[in-house]
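Please read the structure below before turning to the comments.
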Amino acid sequence: MFDRKYTWAITGGAGFIGSHTVRELLKNGQNVIVIDNTKHIGKTPLAPFADRVTFLNFDVRNFENILNALKNVDYVIHLAALVSVAESMHNPQLSLEINIHGTANVLEAARLNKVKRFIFASSSAVYGNNPDAPYQETAQTNIQSPYALGKLAGDELCQMYTDLYGLETVILRYFNVFGPGQDADSPYSAVIAKFIALAKENKSYNIQWDGTQTRDFIYVSDVANANLLAAAKAKPGEIYNVASGQTTTLLKLTEMIDAVSGVKNKKEFSPKREGDVKHSAAVISKIEKLGFKTTISLQEGLKLMWNK
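Structure follows, in structure tokens:
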């Protein structure tokens, strides 16, 4: 995909999507710098690759550190964020500090260091409760949480840096990413990781809302590949949905996990979580024109997670 070895800086590179992206870059023979506030790389999914990456431990809110870290960097993939809608509802100030101020810091450091291209991890959360699902990238945004606001601000900052300063930015709006290594222990954990953990303990699924809400789930390795594809082929200043193009209700999801586990678990229902949207669905024809294809279906991904 790349004609030579480039140097990449991955903010949030020790996290769920970041660690999978780092693996893909290493497979492609690239030089990788991971910027994360995790205290030690040995405690992350990147431990097996510790001798092949440069690990920098600091927060993206520290501009001087970011500025120094991006010297001689060719590509930036900015994944560092407070990533939970629910957590942003409980701590809006922290969410906005990290997701807006942090993004502005990384963009400015990239500009000053003359980085070739900046890939921004945005989110389907910016579409909110827009009734026009499935969403094209031009769909009206509808902000339902501080997290969504932070991501939309990041989108606009990226486009501004392209328009005003010529920094090549690409905005990827991830839908519901899942896969091995996803945290199931936090109260803000993603639904698939949480449901699989409950199923393995023969505990009831805790479904917030009525279970008819739909999500577009995409496997994490496909998202990692989308990050590299955007760096290689996407048009600067453009927004691309990153999703499977298929929707699943949470009730259907529990049935699929039951099929993988061989056990039918009970369901418990609780009130809607603050900031959640009813339906989330993507049109992915724009990124497909770059050559993007999903390689792991929801059913296949659930099996891989179950067997981990």
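Each residue of the sequence shown is one higher than the last, beginning at 24 in my numbering. Where a beta carbon is used, it is the ideal one built from N, C-alpha and C, also for glycine. Everything numeric in this text was worked out from a predicted model, so none of it was measured.
Query, Result
"Three or more C-beta pairs below 8 Å linking the region 228-246 and the region 301-319", "yes"
"Residue of Gly202, Lys290, Ile230 minimising C-alpha distance to leucine 327", "Gly202"
"Exposed unless 16 or more other CB atoms sit within 10 angstroms - verdict on leucine 187", "exposed"
"Sequence-distant residues of its chain with Cβ nearer than 8 Å to threonine 277 (five each side left out)", "Phe218, Tyr228, Ile230, Gly234, Asn288, Lys290"
"Sequence-distant residues of its chain with Cβ nearer than 8 Å to asparagine 22 (five each side left out)", "There is no way to answer for residue 22, as the model of the chain reaches only from 24 to 331."
"Buried versus exposed, by CB contacts within 10 Å (16 or more), proline 154", "exposed"
"Coarse secondary structure for isoleucine 64, derived from DSSP in three states", "helix"
"Three-state class that DSSP yields for threonine 34 in the structure shown", "strand"
"Cβ neighbour criterion (16 or more within 10 Å) applied to glycine 52", "exposed"
"Cβ-based neighbour list, arginine 296, same chain, cut-off 7 Å, excluding 5 preceding and 5 following", "Ala109, Gln231"
"Cut-off 6 Å between Cβ atoms - residues of its own chain near lysine 256, not counting five sequence neighbours on either side", "Leu313"
"Assigned exposure category for glutamine 167 - 16 Cβ within 10 Å defines buried", "buried"
"7 Å Cβ shell around glutamine 322 - same chain, five flanking residues per side excluded", "Met279"
"Cβ pair valine 45, isoleucine 33 closer than 7 Å", "yes"
"Straight-line Cα distance separating tyrosine 170 from valine 129", "18 Å"
"Beta-carbon spacing of alanine 253, valine 200 below 7 Å", "no"
"Local Cβ density within 10 Å of asparagine 95, reported as buried at 16 or more and exposed below that", "exposed"
"Whether isoleucine 262 touches glutamate 131 by CB criterion (7 Å)", "no"
"Any 3 or more C-beta pairs closer than 8 Å across the region 243-251 and the region 27-42", "yes"
"Start-to-end residues for the beta strand (DSSP E) that takes in lysine 326", "No beta strand (DSSP E) holds lysine 326; the alpha helix (DSSP H) holding it covers 321-329."
"Check whether serine 267 and threonine 317 have beta carbons under 7 Å apart", "yes"
"For phenylalanine 292, the first and last residue of its enclosing beta strand (DSSP E)", "290-293"
"Residue(s) in a DSSP beta bridge with alanine 305", "Tyr158"
"Three-state secondary structure assigned by DSSP to isoleucine 100", "strand"
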